[in-house]
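A short write-up of the structure that comes next.
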Amino acid sequence: MTDVPPPYRQDPRYGAYVPPPAPGQIRPRAWWIAVVWTVALLTAVSGVAGFASDLDSTLKELVPARSFAPGEPVTVTIDPADEPGLYLSSRRPVRFSCEIDGGGLSEPNGTQTVNEWELVHVIDVPEKGEYEVYCSAEEDAEARFGVGRLLTAAMGEIAGSVLVLLAVPGAGILFAIIMTIAILVRRSNARRNGDLLRSPHVRA
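Letter by letter, the sequence shown follows residues 660 to 863 of our numbering.
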């Protein structure tokens, strides 16, 4: 064993004395922590944006794609598997009545409003087919009607969107925590090794 003149160390590859790393050269650099948390933030934002987009798309599938005015009979394809419902759009409360040829209408359990559409009846039909729907309202009522789907019909899609909302940002945050710990540990080891190399008692 030979004494190494401080604050140098002997490079085992070449036998030459080399200076220890300067404090500012500790690897990995501290700014990598900011980088990984920026990635986590962007991941969280993308997760929230994806959830909002999926939810908006799902809700648009619930509301009527086609509307009709009071006194206007329409023929609509209705499938009981879609959990169909009759919606009303009106700027003010309005007295109305509706009927469906070959099917039945019942009151919904609770209130369901999607955008400007309010669910007013649950549609009950025996099988998928073409059904004539007719609604009447007060003469001065500015109302529109339409056939859509119940909110319960989209609970699976909404649950999937919520899962994406939780999983994507969660994965980004977990990644940032693991990387932050790894960076801090490596910087601590590098700093400790540098302090040992700068000690006058180091031997090679």
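Don't be surprised by glycine CBs; every beta carbon is placed ideally from N, CA and C.
Sequence-distant residues of the same chain with beta carbon closer than 7 Å to residue i, five excluded per side
i    : result
H860 : Caution is warranted here: a pLDDT of 49 is assigned to H860, below 50, making its placement in the model unreliable, and no coordinate value can be reported.
W691 : I842
Own chain residues within Cβ distance below 6 Å of residue i, not counting five before or after
i    : result
S847 : none
V733 : F727, V792
I685 : R846, A849, R850
A703 : P828, G831
A763 : The residue you asked about is not Ala; residue 763 is Gly in the sequence shown. If we look at G763 and ignore the five residues flanking it on each side, its Cβ neighbours are D783.
T839 : I692
G709 : V823
E786 : none
8 Å CB neighbourhood of residue i in its chain, flanking five on each side removed
i    : result
G788 : T736, I737, G761
R808 : E720, L721, D741, E742, P743, G744
A835 : V695, W696, V698, A699
P767 : G744, L778, V779, H780, V781, L809
I817 : L714, T717
P687 : I842, R845, R846
A813 : T717, L718, E720, L721
N- and C-terminal bounds of the beta strand (DSSP E) containing residue i
i    : result
T734 : 733 to 737
L747 : 743 to 749
Supposed contact pair residue j and residue i - C-beta distance, whole angstroms, cut 8 Å
i    : j    : result
Y748 : R803 : The sequence shown places Ser at residue 748, not Tyr. With a Cβ gap of about 5 Å, S748 and R803 count as contacting.
P723 : V806 : 6 Å
V784 : Y790 : 6 Å
Pick from the options that is closest to residue i, judged by C-alpha positions
i    : options                : result
E797 : A830, R751, N774, N768 : R751
L824 : E731, A812, D713       : D713
V821 : V707, R851, K719, L721 : V707
A800 : G744, R754, A711       : R754
E659 : I817, L718, E731, D783 : Within the shown structure, residues of the chain are numbered from 660 to 863, placing residue 659 beyond reach of any answer.
S765 : F710, A812, V779       : V779
G819 : N768, A711, L701, A693 : A711
G769 : V844, T811, P687       : T811
S716 : N774, L833, E786, I837 : N774
S795 : A693, A689, I759       : I759
S705 : L833, I837, T839, A826 : A826
Delimiting residues of the alpha helix (DSSP H) encompassing residue i
i    : result
I692 : 690 to 721
### Message
Which runs of the alpha helix (DSSP H) at least 4 residues long sit entirely within the region 759 to 820? Give them in chain order.
### Response
Runs found: none.
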